[in-house]
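Peer 1: For the sequence shown, the working numbering assigns the number 30 to the initial residue and increments by one for each residue that follows.
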Amino acid sequence: MKTIAIVHTVKLDRKGKPRQNYLHRLNAAIELTKHHKIDEIILFGGKTRKKFPSEAKVGQNYLKGKVKVPTTLETVSKATIDSVLNIKKLIKIDKVNKIYVITSDYSLERFKFLYSELYPEAKGKLEFISTKDESGLRFKYAQKFYLAYSKLVPEGGIIAKILQAIFRNGDLDEVKIEKLAKSKSKKSSSRKRDRFLLPFRKGNRRKTFIISSVTLLLFILIFGSFSFFYIKSFDKDLPPPDRLSTRNSKLSTTIYDRNGKELYKFFKDENRELVKLDDLPEYTKLSFLAAEDAEFYNHKGLDYPGIARCFVLTVTNKLSAGHLGNFCGASTITQQLIRNTLMYDVFGNDAYERSSLFPSIRRKLMEMTLALKVDQTYSKDEILQMYLNEVYLGGQTYGIQAASKEYFNKDAKDLSLSESAFLAGILQGPTIYNPVSGTNPELGINRQQYVLGQIEKHFQNDNELTFENIENAKEEELKFVFDPGEIYAPHFVFYVQDYLNKKFAEEGKDENYFQSGLKITTSLDLDLQDKIQAEVTKSITDYKEKYNVNNAAVVAIDPNTFEIIAMLGSANYNEESLEGAGKVNSALSYRQPASTVKPYTYLTAVRQGYGMNFPAPDIEALGKVYGTVNADFLYEGPMTARKALVRSRNIPALYTFELVGQDNFLDTTTKLGIESFNERKHLGELLTL
30 MKTIAIVHTV KLDRKGKPRQ NYLHRLNAAI ELTKHHKIDE IILFGGKTRK KFPSEAKVGQ
90 NYLKGKVKVP TTLETVSKAT IDSVLNIKKL IKIDKVNKIY VITSDYSLER FKFLYSELYP
150 EAKGKLEFIS TKDESGLRFK YAQKFYLAYS KLVPEGGIIA KILQAIFRNG DLDEVKIEKL
210 AKSKSKKSSS RKRDRFLLPF RKGNRRKTFI ISSVTLLLFI LIFGSFSFFY IKSFDKDLPP
270 PDRLSTRNSK LSTTIYDRNG KELYKFFKDE NRELVKLDDL PEYTKLSFLA AEDAEFYNHK
330 GLDYPGIARC FVLTVTNKLS AGHLGNFCGA STITQQLIRN TLMYDVFGND AYERSSLFPS
390 IRRKLMEMTL ALKVDQTYSK DEILQMYLNE VYLGGQTYGI QAASKEYFNK DAKDLSLSES
450 AFLAGILQGP TIYNPVSGTN PELGINRQQY VLGQIEKHFQ NDNELTFENI ENAKEEELKF
510 VFDPGEIYAP HFVFYVQDYL NKKFAEEGKD ENYFQSGLKI TTSLDLDLQD KIQAEVTKSI
570 TDYKEKYNVN NAAVVAIDPN TFEIIAMLGS ANYNEESLEG AGKVNSALSY RQPASTVKPY
630 TYLTAVRQGY GMNFPAPDIE ALGKVYGTVN ADFLYEGPMT ARKALVRSRN IPALYTFELV
690 GQDNFLDTTT KLGIESFNER KHLGELLTL
């Protein structure tokens, strides 16, 4: 009784060899022979069909005439059906003990259905093994397999036992394999006995190679000449490379308290802070180089091998579609910097556009030309510093410093190797890999692991980057501390913003100061602000029920310098209720000041030499003259101004206001910075109440 392994399906390249992304299925078959006694391996292969939809339709019609096909399998091709029918012909089921069917995850259900419908006799003897389709997976038996394949397929097929012998006897050299092939090939001339149904592409390889090489050289010569003269035609229109150091990037404006504590950061569209390259850890720089351009310090602005590779891949795969797409990337860090700055300044978002073939080629040639010029104008460190300050890292975050604060709430100089690799990793797809807005956070971690692998590949043992350091970084758990952009002393911050808006408007300057990278130090003391906030919160809690107190406002001013050292516009800035009115700055809002104006009235009297002991009568007769009364509807008779102020009597205050005069009163309040009374002169002596 035999045990057979069947592999569906291994597609071949133009040379007749298995394509790299199908080799994992072969690998699964060979691994199977290590754990089970496999008598025969049957491999079905074929070339990728360009007209797959029509082929699938044939397969669909073929099946519909025989069995009921689930809607999920309606795209099965005729070739796939034939492979199962051929198995039925090749294998005598009564002489088989076990059949292992190896295919991909994607095709597993399809083959389960086909075998159950087309080969019911094998039920009970089938075991399905699925493998993941991983493009570019390294096949550890590939070298031996290619060698065996090249020797054993002149007639278009080979016996599986020969392949088994090769894999099970790893010491077989090329000579022994060739002898084995010749000795066995005579017995396997019949296609019915072949167990490897692999097509073979015949032809004179040497002749093909010569023709291809000559064609390629001619193409390079013609294309190179065309590019040279084409570039010359627009060279005069290119922005000068020295503009990189003079252009104004959009920078965030930051407001600080008097002790340097950050209160808030203003920006429009782009949140960016500049950082010097010398302030960054060496491994942070290497993380971005490993992710984007490992040969940055070795090339002159362009990666010529990468450009050639991507040109061939892009043209052969995308030219028929009429656009370049994003099939391959070979842009150096210098090119990316130019695209994000000089090219963007000229073309806007079209600098990144790839939908139109010829405009894209023109922009790419301009970009490459500028890259060569920029590399000659600036040092590598200068280019890398500009790049790290310009690069887009998700949301409204630009540059490594802003990204460090956004994701880890720390300065870029304090990043770990693991954190640096993460930021370098999300650069390729800021929307996809973004841990804040991305749909799958694991994608960012996977990308980070890739970057660490690239660091290990290119920079291990450079600048103390040991294998142990890199492995520890791979194991380090990232702790994201997302900075939501909290505002400290919010009413004061927006008071400063309004002040700046007016100041810039008066001076006729650009009012978009929040894109200028200003560092604004204010008079506010955040520590005092926090203490006042705590006291107000406690007072509201204590008096809310008893006195129906819902809100409060405080302004603390240094009497010597008139500087605002604390401003609390409401008890709770985030309070949404009408009573709390958190967003309203009550410290600046117009309100009836009531008896709080009386000290200014008596201060005016003091300024005029009256002192505080002059008579200020509290009598009913004066109340009738002024048409008002005291709050308690009583009169206390003759008293001094000092006593009248302490007891907050209305009639003496009106008497004093009339004594000093409205103009003198307004002069006092104006000098104290209170200008709102000037707009209410029509109230007369009632201003003091």
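Note that CB positions come from ideal geometry on N, CA and C, so glycine has one too.
Just so we're clear, the structure is a prediction, and the values are computed from it rather than from any experiment.
Give me whichever residues DSSP pairs with D647 in a beta bridge.
Peer 2: For the purposes of this step, residue 647 is identified with residue 618 of the sequence shown, where counting begins at 1. BP columns for D647 point to G666.
Peer 1: Pull up the distance between the alpha-carbon of L718 and that of K305, whole angstroms please.
Peer 2: Residue mapping note: residue 718 aligns to position 689 of the sequence shown, counting from 1. Residue mapping note: residue 305 aligns to position 276 of the sequence shown, counting from 1. Near 59 Å, if we compare the C-alpha coordinates of K305 and L718.
Peer 1: Grab the span of the beta strand (DSSP E) containing K548 for me, first residue to last.
Peer 2: Here residue 548 refers to the residue found at position 519 of the sequence shown. K548 -> beta strand (DSSP E) spans 548 to 550.
Peer 1: So T697 and R620 are supposed to be a Cβ contact under 8 Å. How far apart are they, rounded?
Peer 2: Numbered from 1 along the sequence shown, position 668 holds the residue referred to as residue 697. Numbered from 1 along the sequence shown, position 591 holds the residue referred to as residue 620. That belief does not hold up - the Cβ atoms of T697 and R620 are roughly 20 Å apart, past 8 Å.
Peer 1: In three-state terms, what does DSSP make of I71?
Peer 2: Against the sequence shown, residue 71 aligns to sequence position 42. I71 falls in the strand class under three-state DSSP.
Peer 1: Got a sec? Which residues, its chain only, sit under 8 Å from I549 by beta carbon, not counting five neighbours each side?
Peer 2: In the sequence shown, residue 549 corresponds to position 520, counting from 1. Contacts found: T282, T283, I284, Y285, V525, L529.
Peer 1: Given a cut-off of 8 Å on the beta-carbon distance, is the pair F694 and Y631 in contact?
Peer 2: Locating residue 694 in the sequence shown gives position 665, counting from the first residue. Locating residue 631 in the sequence shown gives position 602, counting from the first residue. In this structure, Y631 does not lie closer than 8 Å to F694 by Cβ.
Peer 1: Give me the Cα-Cα distance between P588 and R368, rounded to the nearest whole angstrom.
Peer 2: Working through the sequence shown from its first residue, we reach residue 588 at position 559. Working through the sequence shown from its first residue, we reach residue 368 at position 339. In a straight line, the C-alpha of P588 is about 54 Å away from that of R368.
Peer 1: Tell me which residues share the same chain as L683 and place their Cβ nearer than 6 Å to its Cβ, disregarding the 5 neighbours each side in the sequence.
Peer 2: Here residue 683 refers to the residue found at position 654 of the sequence shown. Excluding positions up to five away in sequence, the list reads Y655, E714.
Peer 1: For A13, name the three-state secondary structure that DSSP assigns.
Peer 2: Summary: the structure shown does not reach residue 13, with the chain confined to residues 30 through 718, and so no result is reported for it.
Peer 1: From the DSSP secondary-structure annotation, give me the bridge partner or partners of F295.
Peer 2: Taking the sequence shown and counting its residues from 1, the one referred to as residue 295 is at position 266. DSSP lists T282 as partners of F295.
Peer 1: I'd like to check one pair, S159 with L143: are the Cβ atoms closer than 8 Å?
Peer 2: Working through the sequence shown from its first residue, we reach residue 143 at position 114. Working through the sequence shown from its first residue, we reach residue 159 at position 130. Contact: no.
Peer 1: Please state the DSSP three-state secondary structure of T32.
Peer 2: As a first step, residue 32 must be located in the sequence shown, where it is residue number 3. Reduced to three states, the DSSP call for T32 is strand.
Peer 1: Would you call N90 buried or exposed, if buried means 16 or more other Cβ atoms sit within 10 Å of its Cβ?
Peer 2: In the sequence shown, residue 90 corresponds to position 61, counting from 1. The pLDDT assigned to N90 is 49, lower than 50, so where the model puts this residue is not dependable; a value taken from the coordinates is nonetheless given after this. Exposed: under 16 other Cβ atoms inside 10 Å.
Peer 1: Are there 16 or more other CB atoms within 10 angstroms of the CB of V243, so buried, or fewer, so exposed?
Peer 2: Position 214 of the sequence shown, counted from the first residue, corresponds to residue 243. Classification of V243: exposed, given that the 10 Å Cβ count is below 16.
Peer 1: Can you say whether N614 is buried or exposed, counting buried as having 16 or more other CB atoms within 10 angstroms of its CB?
Peer 2: As a working note, residue 614 is residue 585 in the sequence shown. Burial call: buried.
Peer 1: So F543 is in the alpha helix (DSSP H); what residue range does that whole segment cover?
Peer 2: In the sequence shown, the residue the question calls residue 543 occupies position 514. Segment: none, F543 is in no alpha helix (DSSP H) and carries neither H nor E.
Peer 1: With three or more beta-carbon pairs closer than 8 Å as the criterion, would you say the segment 474 to 488 touches the segment 316 to 323?
Peer 2: As far as the Cβ criterion goes, the segment 474 to 488 touches the segment 316 to 323, which means the pair count is three or higher.
Peer 1: Cα-Cα, which of D443, G428, S447 is closest to P459?
Peer 2: Working through the sequence shown from its first residue, we reach residue 459 at position 430. For the residues D443, G428, S447, the minimum Cα distance to P459 belongs to G428.
Peer 1: Whose C-beta lies closer than 7 Å to the C-beta of T633 among residues of the same chain, with five residues either side of it excluded?
Peer 2: Start at 1 with the first residue of the sequence shown, and residue 633 comes out as number 604. V689, N693, F694, T697, listed in sequence order.
Peer 1: Ends of the alpha helix (DSSP H) at I586?
Peer 2: Here residue 586 is taken as the residue at index 557 of the sequence shown, counted from 1. Note, I586: premise wrong, no alpha helix (DSSP H); beta strand (DSSP E) at 583 to 586.
Peer 1: On a Cα-Cα basis, can you pick out the residue from I110, K567, L417 that is closest to F140?
Peer 2: Within the sequence shown, numbered from 1, the residue matching residue 140 stands at position 111. Ranking I110, K567, L417 by Cα distance to F140 puts I110 first.
Peer 1: Look up Y129 in the DSSP assignment and say whether it is helix, strand or coil.
Peer 2: Here residue 129 refers to the residue found at position 100 of the sequence shown. Reduced to three states, the DSSP call for Y129 is strand.
Peer 1: Nearest by alpha-carbon distance to D307: which of D374, F325, L413 is it?
Peer 2: Translated into positions along the sequence shown, residue 307 becomes position 278. The shortest C-alpha separation from D307 is found at L413.
Peer 1: Hey, how far is the Cα of M415 from the Cα of Y517?
Peer 2: Walking along the sequence shown from the start, residue 415 turns up at place 386. Walking along the sequence shown from the start, residue 517 turns up at place 488. Going from the Cα of M415 to the Cα of Y517 covers about 31 Å.
Peer 1: Residues in its own chain within less than 6 Å of L446 by CB, not counting five upstream and five downstream?
Peer 2: In the sequence shown, counting from the first residue as 1, residue 446 sits at position 417. Contacts found: Y312, A502.
Peer 1: What first and last residue would you give for the beta strand (DSSP E) that runs through M641?
Peer 2: In the sequence shown, counting from the first residue as 1, residue 641 sits at position 612. Run containing M641: none; DSSP gives neither H nor E here.
Peer 1: Among the residues of its own chain, which have a CB less than 7 Å from the CB of K573, if the five just before and after it don't count?
Peer 2: On the sequence shown, residue 573 is found 544 positions in, with the first residue counted as 1. Within the same chain, K573 has close Cβ partners N579.
Peer 1: Please work out which residues of its chain come closer than 6 Å, Cβ to Cβ, to R678, disregarding the five sequence neighbours upstream and downstream, and give them in chain order.
Peer 2: Residue mapping note: residue 678 aligns to position 649 of the sequence shown, counting from 1. Closer than 6 Å at Cβ, skipping near neighbours: D647, N659.
Peer 1: Report all residues from its chain with a CB closer than 7 Å to the CB of R272; omit the five preceding and five following residues, and keep chain order.
Peer 2: The residue you call residue 272 lines up with position 243 of the sequence shown. Excluding residues within five positions, the ones whose Cβ falls inside 7 Å are L371.
Peer 1: For K329, tell me which candidate among Y542, E302, T363 has the shortest Cα-Cα distance.
Peer 2: Walking along the sequence shown from the start, residue 329 turns up at place 300. Checking every option, the nearest Cα to that of K329 belongs to T363.
Peer 1: Rank M641, K575, I120 by C-alpha distance to the C-alpha of T128 and give the top, closest one.
Peer 2: Walking along the sequence shown from the start, residue 128 turns up at place 99. The sequence given here has Ile at residue 128, not Thr. Comparing Cα-Cα distances from I128 to each of M641, K575, I120, the minimum goes to I120.
Peer 1: Taking C-beta to C-beta, are T361 and A400 nearer than 8 Å?
Peer 2: By 1-based counting over the sequence shown, the position of residue 361 is 332. By 1-based counting over the sequence shown, the position of residue 400 is 371. In contact: T361 and A400 (Cβ atoms closer than 8 Å).
Peer 1: For Y421, list the residues DSSP reports as bridge partners.
Peer 2: Along the sequence shown, one-based indexing puts residue 421 at 392. In the DSSP output, where bridge partners are listed per residue, Y421 has Y427.
Peer 1: Please check if any C-beta of chain C sits within less than 8 Å of the C-beta of N679.
Peer 2: Judged by its chain identifiers, the structure shown contains no chain C, having just a single protein chain.
Peer 1: Among the residues of its own chain, which have a CB less than 7 Å from the CB of Q562, if the five just before and after it don't count?
Peer 2: For the purposes of this step, residue 562 is taken as residue 533 along the sequence shown, with counting starting at 1. So the qualifying residues of the chain are L597.
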